[in-house]
Amino acid sequence: MFKYFIRFFKKAFQFRGRATRREYWIPNLILAGVGALVGRKGGEENPLEGAFTAVVMIPSLSVTARRYQDAGITGWYQVPQALSFLLLPVVFLKPVKKWMKTAAIAVIAGVNILGLVFSLMPSDGDNKYGRKPIR
172 MFKYFIRFFK
182 KAFQFRGRAT
192 RREYWIPNLI
202 LAGVGALVGR
212 KGGEENPLEG
222 AFTAVVMIPS
232 LSVTARRYQD
242 AGITGWYQVP
252 QALSFLLLPV
262 VFLKPVKKWM
272 KTAAIAVIAG
282 VNILGLVFSL
292 MPSDGDNKYG
302 RKPIR
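Quick note on the working numbering: the sequence shown kicks off at 172 and runs consecutively.
Below, the structure is given as structure tokens:
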């Protein structure tokens, strides 16, 4: 189990190639738990949250690109997913009209559900991104 977590950081800057579902999900679930603990320990201004995000951002982008490529989809499809979070201020600002908040929530949900579907897709045999990975 921890070999996938170690591989997550070892392949941090490797955006080409492929990652199995296990190689993607095990580190992400571990990091979700760690992130929840880090977020819980701080108050309003928690420097640990920023440090945690800085440490895992590039490896997360990398493993997501490789996971999508394993399913036969370009890793660039994660760009709209990442950019969708720029709409969060629209959701929380008071003077914004209700329909704009609804639209922002729909876009955020839509692209992230699509990302979830991509990450759950099975390996696509040998494809243009490389040979099918061996566990």
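Just so it is clear, CB atoms sit at the ideal spot from N, CA and C, and this is done for glycine as well.
Rounded Cβ spacing between residue i and residue j (contact assumed at less than 8 Å)
| i | j | result |
| --- | --- | --- |
| Val261 | Lys272 | 6 Å |
| Ser233 | Ala183 | 6 Å |
| Thr191 | Pro304 | 5 Å |
Same chain only: Cβ atoms within 7 Å of residue i, ignoring 5 sequence neighbours per side
| i | result |
| --- | --- |
| Gln252 | Val282, Asn283, Gly286 |
| Met292 | Ala242 |
| Ala275 | Leu258, Val261, Val262 |
Other residues of its chain near residue i: CB distance less than 8 Å, five sequence neighbours each side excluded
| i | result |
| --- | --- |
| Asn217 | Val209, Gly210 |
Same chain, Cβ closer than 6 Å to residue i, neighbours up to 5 away in sequence not counted
| i | result |
| --- | --- |
| Ile244 | Phe289 |
| Ala236 | Phe186, Gly246 |
| Asn298 | Gly243 |
Residue i: first and last residue of the uninterrupted alpha helix (DSSP H) it sits in
| i | result |
| --- | --- |
| Asp297 | No alpha helix (DSSP H) holds Asp297; DSSP gives it neither H nor E. |
| Tyr248 | Tyr248 -> no alpha helix (DSSP H), and no H or E assigned at all. |
Beta-ladder partner(s) of residue i, from DSSP
| i | result |
| --- | --- |
| Gly301 | Asn298 |
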